[in-house]
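Colleague:
Protein chains: 2
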Amino acid sequence: MREGPYIAEIAALIGDPARTNMLTALMDGRALTVSELAQVAGITLPTASGHIARMETAGLLAAEKQGRHRYLRLPGPDVATALEALMELAQRTGAVRVRTGPRDPALREARVCYDHLAGARAVAVAAKLADAGMMVDHGLTDAGRTWLAERGFVRGDGRRPFCRTCLDWSERRHHLGGALGAQILSRALAEGWARRGEGRVIDFGQRGGAAFDRLFGL
Amino acid sequence: MREGPYIAEIAALIGDPARTNMLTALMDGRALTVSELAQVAGITLPTASGHIARMETAGLLAAEKQGRHRYLRLPGPDVATALEALMELAQRTGAVRVRTGPRDPALREARVCYDHLAGARAVAVAAKLADAGMMVDHGLTDAGRTWLAERGFVRGDGRRPFCRTCLDWSERRHHLGGALGAQILSRALAEGWARRGEGRVIDFGQRGGAAFDRLFGL
DNA sequence: CTCATGGTTCGTTCTGTACCGAACCATCGC
DNA sequence: GCGATGGTTCGGTACAGAACGAACCATGAG
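Just so you know, the protein sequences line up as chains A and B, in that order.
Quick note on numbering: the numbering used here labels position 205 of the first sequence as 205, and the sequence is numbered without any gaps.
Remember, the numbering used here sits 218 above the position in the second sequence when you count from 1.
Structure below.
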């Protein structure tokens with residue numbers, strides 16, 4: 001066929017039911033793993049992997065590697081816009097969703113991710129920094145460095161970046177990793193705000209949680 | 219596959235190169251015939267007919283019958299919106315267009331359509347009526363009837379609607395048909411503003427054209 | 001180190017559908 | 001009435017690609 005309409009390629013990509021299920025599941029902005037997308041689409045892992053690879057090269061998906069997981073998300077608002085326009089046309093009835101992350105509420109709240117803090121509370125910290133303009137594009141601004149230094153988070157350990165962002169398992173948004181993330185966790189434990197619980201759970205008490213939140217202005 | 223995403227059906231429909239060519243060709247709001255769409259898509263007539271039937275039942279196309287022709291157009295702005303969103307994604311390079319209508323400029327200007335006037339000048343009349351609120355939804359308003367009566371176009375011949383709209387071959391917009399259309403043509407000929415030319419051509423002279431335009435306030 | 005788990009690659013099967021030619025129907029021009 | 005032309009329907013072919021299982025690579029856990 002003539003070289004013209006690349007648009008057909010994109011539409012055909014969206015036009016497969018399995019892929020549509022994946023894309024609609026990602027429309028709320030979260031990131032899902034390959035396995036989860038496979039489940040959403042109702043297909044096996046190998047098949048899903050192939051679909052994802054194609055969508056990725058077409059720019060319909062963005063990937064982020066995280067240990068042995070690969071998190072996929074929509075690369076930008078334009079994809080969501082196109083999907084919405086198609087939904088408008090199709091008068092979509094209801095998307096198939098799958099619950100993400102751990103079932104245990106304690107795990108969702110706070111837990112260890114390698115050597116740093118993860119969970120809702122950790123995500124809130126990262127969100128605070130981003131919202132306040134102290135973190136841009138996954139990197140600290142000067143304002144951010146100053147603000148953190150005032151709170152006793154000064155420098156790294158020389159082995160790795162001071163501040164990294166890390167995609168949160170349950171929240172599907174970024175929390176803080178790197179040396180900074182590790183320092184935040186050890187501080188919370190050292191101050192007695194929190195202690196290690198069952199498995200990877202981190203238990204913040206009432207007062208401990210409040211103190212933690214106060215430090216970061218949450 | 220699960221009953222969920224009708225969106226996939228729509229996207230798959232758009233996702234075929236042949237169909238995409240047809241749809242993009244219609245994006246400027248004109249209506250094209252089945253044959254023309256087949257040419258645009260680079261496929262034979264039977265194949266195009268099948269594609270069109272499917273898109274029609276899916277609500278992606280609207281049809282209008284006109285003698286032995288069938289004119290297809292986009293049913294509304296939502297389809298165009300979705301296509302544009304997809305184009306945005308695909309960074310479309312360039313659509314394949316096909317020239318529509320007759321090559322002869324005289325034919326494009328004015329000609330006979332069955333028993334009434336067609337071509338650019340006839341379309342202008344219909345557009346004038348629509349713009350002035352004298353025609354709504356392909357029907358005359360009271361204001362329109364009055365205005366036409368003032369110009370000597372009073373009633374029909376009893377055999378057919380006084381005023382019909384008719385899709386123009388070259389302009390792909392509506393002109394006036396029915397008894398009114400026939401009266402307009404015969405008036406132009408009777409007044410000496412125009413005369414029959416080669417084939418179906420209607421020749422308006424300089425002064426004839428001006429007089430015609432004056433009558434309709436063009 | 002070894003095991004378990006998430007993901008990818010590969011080879012095969014199989015269904016869906018785009019396409020065409022031929023025959024058929026509908027409408028206009030004569 | 002008779003062609004001619006636009007459009008649809010039908011039957012058959014052929015190619016694309018979606019799906020799976022099995023084998024393989026990569027990473028983290030113990």
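Where is the CB? At the ideal position from N, CA and C, for every residue including glycine.
Being a predicted model, the structure only gives us computed values, none of them experimental.
(1) How would you label proline 17 of chain A, buried or exposed, when you count the other beta carbons within 10 angstroms and need 16 or more for buried?
(2) Under 8 Å, do leucine 403 of chain B and aspartate 333 of chain B count as touching if we go by C-beta distance?
(3) Counting only beta-carbon atoms, is arginine 92 of chain A nearer than 8 Å to chain B?
(4) For the stretch 224-255 of chain B, which residues have a beta carbon sitting closer than 8 Å to at least one beta carbon of chain A?
(5) With 9 Å as the C-beta to C-beta threshold (strictly closer), list the residues of the stretch 287-306 of chain B near chain A in chain order.
(6) Whole-angstrom Cβ separation of glycine 178 of chain A and phenylalanine 204 of chain A, contact assumed at under 8 Å?
(7) Along the beta strand (DSSP E) that carries leucine 394 of chain B, what are the first and last residues, could you check?
(8) Tell me whether the stretch 83-91 of chain A and the stretch 141-153 of chain A touch, counting them as touching only if at least three CB pairs, one residue from each stretch, are closer than 8 Å.
(9) Nearest to alanine 429 of chain B by alpha carbon, out of B:Ala230, B:Thr383, B:Gly410, B:Ala300?
(10) Enumerate in chain order the residues of its own chain whose CB-to-CB distance from threonine 251 of chain B is below 7 Å, with the five nearest sequence positions on each side excluded.
(11) Ordered along the chain, which non-local residues of its own chain (more than five positions away) have a Cβ less than 7 Å from that of valine 79 of chain A?
(12) May I ask you to report which of helix, strand or coil DSSP gives isoleucine 43 of chain A?
(13) Using only alpha-carbon positions, find the residue among B:Val258, B:Gln257, B:Arg248, B:Arg237 that is nearest to glutamate 274 of chain B.
(14) Pull up the distance between the alpha-carbon of alanine 120 of chain A and that of alanine 62 of chain A, whole angstroms please.
(15) Just to confirm, are alanine 194 of chain A and alanine 110 of chain A a CB contact at a threshold of 8 Å?
(16) So for glycine 319 of chain B, helix, strand or coil by DSSP?
(17) Could you give the residue range of the alpha helix (DSSP H) that holds arginine 425 of chain B?
(18) Pop quiz: histidine 392 of chain B and alanine 344 of chain B are said to be a contact at Cβ under 8 Å. What is the actual Cβ separation, rounded to whole angstroms?
(19) Buried or exposed: which applies to leucine 180 of chain A, given that a residue is buried once 16 or more other Cβ atoms fall within 10 Å of its Cβ?
(20) What does the alpha-carbon distance come out to for the pair threonine 242 of chain B and alanine 53 of chain A?
(21) On the CB-based measure, 16 or more other CB atoms within 10 Å of its CB, does threonine 165 of chain A come out buried or exposed?
(22) May I ask you to list the residues that DSSP assigns as paired with glutamate 64 of chain A?
(23) For methionine 135 of chain A, list the residues DSSP reports as bridge partners.
(24) To which residues does DSSP link isoleucine 202 of chain A through a beta bridge?
(25) How about isoleucine 202 of chain A and valine 123 of chain A: are their beta carbons less than 8 Å apart?
(26) Leaving out five residues on either side along the sequence, give the residues of the same chain with a beta carbon under 8 Å from the beta carbon of alanine 58 of chain A.
(27) Just verifying my parser: in three-state terms, what is the DSSP assignment at alanine 82 of chain A?
(28) Per DSSP, what kind of secondary structure is alanine 110 of chain A in: helix, strand or coil?
(29) Suppose the cutoff is 8 Å on Cβ atoms and the five residues either side in sequence are ignored; what does the same chain contact list for threonine 93 of chain A look like?
(30) Can you list, in chain order, the residues of its chain with a C-beta nearer than 7 Å to that of lysine 128 of chain A? Leave out the 5 residues immediately preceding and following it.
(31) In its own chain, which residues sit with a C-beta less than 6 Å from the C-beta of glutamine 183 of chain A, not counting the 5 before and 5 after it?
(32) Does the distance from the C-beta atom of alanine 41 of chain A to that of methionine 22 of chain A stay below 8 Å?
(33) Should arginine 206 of chain A go down as buried or exposed, given a rule of 16 or more other Cβ atoms within 10 Å for buried?
Modeller: In brief:
(1) As a first step, residue 17 of chain A must be located in the first sequence, where it is residue number 17. Buried, by the Cβ-count rule.
(2) Indexing the second sequence from 1 puts residue 403 of chain B at position 185. Indexing the second sequence from 1 puts residue 333 of chain B at position 115. In this structure, the beta-carbon distance from leucine 403 of chain B to aspartate 333 of chain B falls below 8 Å.
(3) As a position in the first sequence, residue 92 of chain A is number 92, starting the count at 1. Legend: pLDDT at arginine 92 of chain A = 31, less than 50; position of this residue unreliable, no value from coordinates given.
(4) Listed by position along the chain: Tyr224, Ile225, Ala226, Glu227, Ile228, Ala229, Ala230, Leu231, Ile232, Gly233, Asp234, Pro235, Ala236, Arg237, Thr238, Asn239, Thr242.
(5) The stretch 287-306 of chain B vs chain A, Cβ under 9 Å: Asp296, Val297, Thr299, Ala300, Leu301, Glu302, Ala303, Leu304, Met305, Glu306.
(6) Looking up residue 178 of chain A in the first sequence gives position 178. Looking up residue 204 of chain A in the first sequence gives position 204. Actually they do not touch by this definition, with Cβ atoms about 22 Å apart.
(7) Position 176 of the second sequence, counting from 1, holds the residue named residue 394 of chain B. Per DSSP, leucine 394 of chain B belongs to the beta strand (DSSP E) from 392-395.
(8) These segments do not touch.
(9) The sequence position of residue 429 of chain B within the second sequence is 211, counting from 1. When each option's Cα is compared against that of alanine 429 of chain B, the closest is B:Gly410.
(10) As a position in the second sequence, residue 251 of chain B is number 33, starting the count at 1. Cβ within range, chain order: His287, Arg288, Tyr289.
(11) Counting from one through the first sequence, the residue named residue 79 of chain A turns up at place 79. Counting only Cβ-Cβ distances below 7 Å, and skipping sequence neighbours, we find Leu60.
(12) Sequence index remark: in the first sequence, residue 43 of chain A carries index 43 (1-based). Looking at isoleucine 43 of chain A - three-state DSSP - the assignment turns out to be coil, as it is neither helix nor strand.
(13) Working through the second sequence from its first residue, we reach residue 274 of chain B at position 56. Nearest option by C-alpha distance: B:Arg237.
(14) Working through the first sequence from its first residue, we reach residue 120 of chain A at position 120. Working through the first sequence from its first residue, we reach residue 62 of chain A at position 62. Between the C-alpha atoms of alanine 120 of chain A and alanine 62 of chain A there is a straight-line separation of about 23 Å.
(15) The sequence position of residue 194 of chain A within the first sequence is 194, counting from 1. The sequence position of residue 110 of chain A within the first sequence is 110, counting from 1. Alanine 110 of chain A sits close to alanine 194 of chain A, with the two beta carbons spaced by under 8 Å.
(16) Start at 1 with the first residue of the second sequence, and residue 319 of chain B comes out as number 101. Note that glycine 319 of chain B scores 46 on pLDDT, short of 50, meaning its location in the model is unreliable; the coordinates nonetheless yield the value given after this. It is coil, neither helix nor strand.
(17) As a first step, residue 425 of chain B is located in the second sequence; it is residue number 207 there, counting from the start. Annotation for arginine 425 of chain B: the continuous alpha helix (DSSP H) segment containing it runs 424-433.
(18) Residue 392 of chain B sits at position 174 when you count from the first residue of the second sequence. Residue 344 of chain B sits at position 126 when you count from the first residue of the second sequence. That pair is a contact at about 5 Å.
(19) Position 180 of the first sequence, counted from the start, is the residue given in the question as residue 180 of chain A. Looking at its Cβ environment, which holds 16 or more other Cβ atoms inside 10 Å, leucine 180 of chain A is buried.
(20) Reading the second sequence from its first residue, position 24 is the one you call residue 242 of chain B. Reading the first sequence from its first residue, position 53 is the one you call residue 53 of chain A. A straight line joining the alpha-carbon of threonine 242 of chain B with that of alanine 53 of chain A spans about 28 Å.
(21) Counted from its first residue, the first sequence places residue 165 of chain A at position 165. It counts as buried.
(22) Counting from 1 along the first sequence, the entry for residue 64 of chain A is found at position 64. According to DSSP, which records beta bridges pairwise, glutamate 64 of chain A is partnered with A:Tyr71.
(23) Translated into the one-based positions of the first sequence, residue 135 of chain A becomes position 135. Partner residues in the beta bridge of methionine 135 of chain A, as assigned by DSSP, are A:Leu140.
(24) Along the first sequence, one-based indexing puts residue 202 of chain A at 202. Looking at the DSSP output, isoleucine 202 of chain A sits in a beta bridge with A:Arg196.
(25) As a first step, residue 202 of chain A is located in the first sequence; it is residue number 202 there, counting from the start. As a first step, residue 123 of chain A is located in the first sequence; it is residue number 123 there, counting from the start. No. Outside cutoff.
(26) Here residue 58 of chain A refers to the residue found at position 58 of the first sequence. Shown here for alanine 58 of chain A: same chain residues with a beta carbon closer than 8 Å to its own, the five before and five after excluded, namely Glu9, Ile10, Leu13 in chain order.
(27) Taking the first residue of the first sequence as position 1, residue 82 of chain A is located at position 82. In the structure shown, alanine 82 of chain A sits in a helix (DSSP, three-state: H, G or I).
(28) Within the first sequence, numbered from 1, the residue matching residue 110 of chain A stands at position 110. In the structure shown, alanine 110 of chain A sits in coil (DSSP, three-state: anything other than H, G, I, E or B).
(29) Position 93 of the first sequence, counted from the first residue, corresponds to residue 93 of chain A. Any reading at threonine 93 of chain A must be qualified, since the residue scores a pLDDT of 31, below 50, and its modelled position is unreliable; the value itself is stated next. Excluding positions up to five away in sequence, the list is empty.
(30) Residue 128 of chain A sits at position 128 when you count from the first residue of the first sequence. The residues are Phe216, Gly217, Leu218.
(31) Locating residue 183 of chain A in the first sequence gives position 183, counting from the first residue. Excluding positions up to five away in sequence, the list reads Phe153.
(32) Here residue 41 of chain A refers to the residue found at position 41 of the first sequence. Here residue 22 of chain A refers to the residue found at position 22 of the first sequence. Their beta carbons are under 8 Å apart, which means alanine 41 of chain A touches methionine 22 of chain A by this criterion.
(33) To locate residue 206 of chain A, count along the first sequence from 1; it is residue 206. Checking the sequence, you will find glutamine at residue 206 of chain A rather than arginine. Exposed: under 16 other Cβ atoms inside 10 Å.
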